[in-house]
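S.K.: Residues are numbered in the working numbering as their position in the sequence shown, beginning at 1, plus a constant of 9.
By construction, the Cβ of each residue, glycine as well, lies at the ideal position given by its N, Cα and C atoms.
Being a predicted model, the structure only gives us computed values, none of them experimental.
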Amino acid sequence: IKGHAKILLLVSFTALILVLVPGIGHEAGGAKRWFRISFLGFQPSEFAGLFLIIYLADALERKQTCIKNFFYGFMPPLVVAGLVVLLILLQPDLGTAVMLLAVSIIMMFVSGANIMYLFPFIGMSLPVLYFLIFRVPYRLRRIVGYLDPWGDAQGSGFQIVQSFLALGSGGIFGVGLGASRQKLFYLPQVHTDFIFSIIGEELGLIGTLGIVILFGLFIWQGLKISVKARDLFGKFLALGITVSIALRAIINIAVSTGAVPTKGLPLPFISYGGTALIFNMVGVALLLNISDR
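#1: Report the rounded CA-to-CA distance for Ile124 versus Val199, giving the unit in angstroms.
#2: In three-state terms, what does DSSP make of Ala37?
#3: Rounded to a whole number of angstroms, what is the C-alpha to C-alpha distance between Ala14 and Asp157?
#4: Ordered along the chain, which non-local residues of its own chain (more than five positions away) have a Cβ less than 8 Å from that of Gly154?
#5: Return the CA-CA distance between Pro86 and Pro197, expressed in angstroms with no decimal places.
#6: How many whole angstroms separate the CB atoms of Thr284 and Gln52, which I take to be in contact at a CB cut-off of 8 Å?
#7: Is it buried or exposed, Arg42, if we count other Cβ atoms within 10 angstroms and call 16 or more buried?
#8: Could you tell me if Pro146 is buried or exposed, where buried requires 16 or more neighbouring beta carbons within 10 angstroms of its beta carbon?
#9: Assign Thr105 to one of two classes, buried (16 or more other C-beta atoms within 10 Å of its C-beta) or exposed (fewer than that).
#10: Considering Cα atoms alone, identify which of Leu109, Leu297, Arg45 is closest to Lys244.
#11: List the DSSP bridge partners of Gly50.
#12: Could you have a look at Leu87 and say whether DSSP puts it in helix, strand or coil?
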């Protein structure tokens, strides 16, 4: 797969551009994130994220001799990651874009890049972040709902309040598998963004702790594979895949428990979504391949 990193990146760019073209990309909920062929649909940002990680692992290995250099070692990977993030922002999908940017920065940091170079970019990005969050009405409503969900329980805080009710009503052992009430027209997006809340309602604290422990074990094993990898490509690739899945899981659980504002990131391996499941499994397959080498 290492020899095809650039081709995979080109496929990602092509798909992310095509999904924005009217008549090609499928729009739902005000966002163009999907291709739809008959009754089948898939989300290009899912495989674009994995392909970006593969490209960065290859590029960071090749640039080890000049990784400390701003123009030859630091900028090229950052520019590529920035372009992928920009195309995802145009869909718009802020959650996935921020997650991929964080994964890219972590991979660059571990590879030995001088992260101090990032501070000027962070300063320049603050006005952009202000516009993306506080000048977009639905995102601003999410912030307001996060800060005081009970203040507008039927409006901006509706999702978080219903999530709290689901988790609270589950107690220690839950109300029983399939017996959730909150998923019956109360809590929106129960099959994707708030699946963790329904698990908490049906299986209780025991079920949610089980999910957290399983993800913790996955992250631990993924990092072990990265540390023990025989070459730098395997090390960076395993790290990128592990961090990508870990961030999705952490953010999804944090959203369900009201720790962070609502974001549209699914819970890996559990939330509904064929594209995400397929490429998460491909990521696991790559981890297993690295561990066997």
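M.R.: From the atom records:
#1: Along the sequence shown, one-based indexing puts residue 124 at 115. Along the sequence shown, one-based indexing puts residue 199 at 190. Roughly 38 Å separates the two Cα atoms.
#2: As a position in the sequence shown, residue 37 is number 28, starting the count at 1. Three-state result, Ala37: strand.
#3: Position 5 of the sequence shown, counted from the start, is the residue given in the question as residue 14. Position 148 of the sequence shown, counted from the start, is the residue given in the question as residue 157. Rounded to the nearest angstrom, the two C-alpha atoms are 45 Å apart.
#4: Taking the first residue of the sequence shown as 1, we reach residue 154 at position 145. Same-chain partners within the cutoff: Asp161, Gly164, Ser165, Gly166, Phe167, Gln168, Ile169, Pro270, Thr271.
#5: Your numbering for residue 86 matches position 77 in the sequence shown. Your numbering for residue 197 matches position 188 in the sequence shown. The alpha-carbon atoms of Pro86 and Pro197 are separated by roughly 38 Å.
#6: Locating residue 284 in the sequence shown gives position 275, where the first residue counts as 1. Locating residue 52 in the sequence shown gives position 43, where the first residue counts as 1. 5 Å between Cβ atoms; contact.
#7: Mapped onto the sequence shown, residue 42 falls at position 33. So Arg42 ends up on the buried side.
#8: Position 137 of the sequence shown, counted from the start, is the residue given in the question as residue 146. The residue in question, Pro146, is exposed, as its Cβ has fewer than 16 Cβ neighbours within 10 Å.
#9: Position 96 of the sequence shown holds residue 105. Buried is the call here.
#10: Residue 244 sits at position 235 when you count from the first residue of the sequence shown. Of the listed residues, the one whose Cα sits closest to Lys244 is Leu297.
#11: Taking the first residue of the sequence shown as 1, we reach residue 50 at position 41. According to DSSP, which records beta bridges pairwise, Gly50 is partnered with Arg45.
#12: Along the sequence shown, one-based indexing puts residue 87 at 78. Note: Leu87 maps to helix in three-state DSSP.
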